[in-house]
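Sequential numbering of the sequence shown, starting at 1, is according to full-length UniProt numbering.
Taking it in order: structure first as structure tokens, then the write-up.
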Amino acid sequence: MPLLRKQMKTTFKKCTLEDVKILQDISYETFKETFQHLNTSENMEAYLQKAFNLKQLEKELLNVSSAFFFIYVNEELAGYLKVNVDIAQTERIENDALEIERIYIRNKFQGQGLGKYLINRGIEIAKAQNKKLVWLGVWEKNEGAIKFYKKWVL
């Protein structure tokens, strides 16, 4: 596995409004991969339509207090990171905070260090904006993410 990681060419790119359809597609895919087994098909579709419709994603992309970043592996879209500051945070922790709201990685790219890479990029973004705290929330039923995030607790 370490050899594979060395051969991976990763690209980190800030999303723009022109990327909204790609963002929608990967949001649908990764959310369904992660949570379909915990929901009925009807509930899943209702949530996807509410959270990831084009109008909602355009609104989030245009919010100056939020940013989305795609990660590509060998030129293939592997996932994305969403960060929020100021009033865009899902909970107002403090003014000097940056929230990592989403780390969504396609199943075929999991286990390759991309989640760690995206957390580190989120921390770099926070430092560049002089934020003193980085935080994230996770759904209590997302056991894989909880296990991953616990590795980061100091």
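By construction, the Cβ of each residue, glycine as well, lies at the ideal position given by its N, Cα and C atoms.
State the Cα-Cα distance for the pair residue i and residue j, rounded to the nearest angstrom.
{"i": "G137", "j": "Q7", "result": "32 Å"}
{"i": "A97", "j": "V73", "result": "29 Å"}
{"i": "L124", "j": "Q110", "result": "Residue identity differs from the one stated: residue 124 is Glu in this sequence, not Leu. C-alpha separation (whole angstroms): 22 Å."}
{"i": "E18", "j": "K55", "result": "13 Å"}
{"i": "N53", "j": "A128", "result": "31 Å"}
{"i": "R102", "j": "T40", "result": "22 Å"}
{"i": "Y47", "j": "S27", "result": "11 Å"}
{"i": "Q62", "j": "L38", "result": "Before going on, a small fix: residue 62 reads as Leu here, not Gln. Taking the straight line from one Cα to the other gives about 31 Å."}
{"i": "I22", "j": "L77", "result": "9 Å"}
{"i": "W135", "j": "E91", "result": "10 Å"}
{"i": "A51", "j": "F12", "result": "24 Å"}
{"i": "D86", "j": "R121", "result": "18 Å"}
{"i": "S65", "j": "A88", "result": "6 Å"}
{"i": "P2", "j": "Q112", "result": "Note that P2 scores 38 on pLDDT, short of 50, meaning its location in the model is unreliable and no value can be drawn from it."}
For residue i, which residues in the same chain have their Cβ closer than 6 Å to its Cβ, ignoring the five residues on either side in sequence?
{"i": "Y104", "result": "T30, G79 and Y80"}
{"i": "K14", "result": "F69"}
{"i": "A67", "result": "V83"}
Where do the N-terminal and C-terminal ends of the alpha helix (DSSP H) with residue i fall, by residue?
{"i": "E45", "result": "S41 to A51"}
{"i": "I123", "result": "L114 to A128"}
In or out: residue i buried (at least 16 other Cβ within 10 Å) or exposed?
{"i": "I119", "result": "buried"}
{"i": "N130", "result": "exposed"}
{"i": "D94", "result": "Reading off the sequence shown, one finds Glu at residue 94, where the question assumed Asp. The residue in question, E94, is exposed, as its Cβ has fewer than 16 Cβ neighbours within 10 Å."}
{"i": "L133", "result": "exposed"}
If you reduce the DSSP assignment to three classes, tell me which class residue i lands in.
{"i": "E58", "result": "helix"}
{"i": "L154", "result": "Since pLDDT at L154 reaches only 44, below the 50 mark, its modelled position is unreliable, and the value read off the structure follows with that caveat. Three-state DSSP puts L154 in coil, outside helix and strand."}
{"i": "V64", "result": "coil"}
{"i": "I26", "result": "helix"}
{"i": "N84", "result": "strand"}
{"i": "E18", "result": "helix"}
{"i": "E76", "result": "strand"}
State the start and end residues of the unbroken beta strand (DSSP E) segment that holds residue i.
{"i": "K14", "result": "T10 to K14"}
{"i": "residue 159", "result": "This structure cannot settle anything about residue 159, because the visible part of the chain is limited to 1 through 154."}
{"i": "L38", "result": "Here L38 belongs to no beta strand (DSSP E), and DSSP marks it neither H nor E."}
Might you give, ordered along the chain, the residues of its own chain that have their beta carbon closer than 8 Å to the beta carbon of residue i, omitting 5 neighbours on each side?
{"i": "Q36", "result": "M44"}
{"i": "L114", "result": "T10, I71, V73, A78, G79 and I105"}
{"i": "Q24", "result": "F52, N53, L54 and L57"}
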